[in-house]
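2 protein chains.
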Amino acid sequence: MDAQLKKGSLEVCVLAALMKQDSYGYKIIQSLDEVVDISESTLYPILRRLEQNECLQSYSVEHNGRLRKFYSITDKGQERIKEYLLDFKELMNIYNYIAREVKKDVE
Amino acid sequence: MDAQLKKGSLEVCVLAALMKQDSYGYKIIQSLDEVVDISESTLYPILRRLEQNECLQSYSVEHNGRLRKFYSITDKGQERIKEYLLDFKELMNIYNYIAREVKKDVE
DNA sequence: ACATAATACTATACATAGCATAGTATAAGA
DNA sequence: TCTTATACTATGCTATGTATAGTATTATGT
Chain G
1 MDAQLKKGSL
11 EVCVLAALMK
21 QDSYGYKIIQ
31 SLDEVVDISE
41 STLYPILRRL
51 EQNECLQSYS
61 VEHNGRLRKF
71 YSITDKGQER
81 IKEYLLDFKE
91 LMNIYNYIAR
101 EVKKDVE
Chain H
108 MDAQLKKGSL
118 EVCVLAALMK
128 QDSYGYKIIQ
138 SLDEVVDISE
148 STLYPILRRL
158 EQNECLQSYS
168 VEHNGRLRKF
178 YSITDKGQER
188 IKEYLLDFKE
198 LMNIYNYIAR
208 EVKKDVE
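Chains G and H supply the protein sequences, listed in that same order.
The numbering used here puts the last residue of the first sequence at 107; the count rises by one with no breaks.
The numbering used here puts the last residue of the second sequence at 214; the count rises by one with no breaks.
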């Protein structure tokens, strides 16, 4: 899938993954496996950005002697998702236009 | 609308606008007016990029003493649109996942 | 015992696309 | 004569996704 098309969506996808329960980097990648292929180099910067934005909060839990960084979604993060859903409707307008123009050609 | 979300779509939107008939910069902006707000600083670079990619061809027509640059879509440009439509289905998967996780929370 | 895979994260650097801003230049209308 | 519409070019910024590499521990396989 074209990287450009993912822009703006991956971030929100990560937020959505944290709606059910708190999670950490490695686990998030796995839980999103069926939805989208997201690599470490994409996810970790997103997590840091979202924390800076206050869309996420983090806390560390010791696991096998190392710290696992858990993230939980904030109210602001949930607002962010709602804005995305609204924006996506506008994107659908663009998509529909494109699909329509192609069909016209076929007819 | 969030600029990031438009990435990858505007370019194809311009291609789609040229499916019916050849057109030029200023006119394209107008014809896309109802679909998406695209400014000159966005459109003209797109047109040049698409011509370099060979998704568009151009020719100049004199109009009131100045040259108007008309663009027409190539076969490669039409292929490009088809790829976009496929890619968009994957994006819909992401969107559906996000919408689903939000709903779960409401229930 | 040793190698490999899985786990878990950090850091650097890059490409791309959309967009703001500014500049150039002509024609038409108030 | 001033503004608006027309039509395009050029420079530079920012955000996001991604490749690559590095670090370090645990579990598994041979």
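Cβ coordinates follow ideal geometry from the N, Cα and C atoms, glycine included.
Residue i at chain G interface by Cβ criterion, 7 Å
i	result
E197/H	yes
D109/H	yes
C120/H	yes
I145/H	no
L188/H	Strictly speaking, residue 188/H in this sequence is Ile, with Leu absent from that position. Answer yes: the Cβ-Cβ gap between I188/H and chain G drops below 7 Å somewhere.
I201/H	yes
Selection from the options that minimises the alpha carbon distance to residue i
i	options	result
Y191/H	L112/H, E118/H and E161/H	E118/H
F70/G	E51/G, L86/G and Q78/G	E51/G
M126/H	Q164/H, G172/H and Y151/H	Q164/H
G77/G	G25/G, S31/G, L47/G and S41/G	L47/G
R100/G	K189/H, R175/H and H170/H	K189/H
C13/G	L67/G, M1/G and I29/G	I29/G
V102/G	V143/H, N171/H, L193/H and M199/H	L193/H
K104/G	L198/H, A124/H and K134/H	A124/H
Beta-carbon proximity check, residue i vs residue j, cutoff 7 Å
i	j	result
S179/H	D129/H	yes
F88/G	Y204/H	no
K6/G	Q111/H	no
8 Å Cβ shell around residue i - same chain, five flanking residues per side excluded
i	result
C250/H	In this structure chain H extends from 108 to 214, so residue 250/H is not present and cannot be described.
R49/G	E11
Short CB-CB distance (under 7 Å) between residue i and chain H
i	result
Y97/G	yes
K27/G	no
D75/G	no
Residues near residue i by beta carbon distance below 7 Å, same chain, minus five either side
i	result
Y151/H	G132
Spatial neighbours of residue i in its chain, beta-carbon cut-off 6 Å, leaving aside the 5 residues before and after
i	result
S148/H	none
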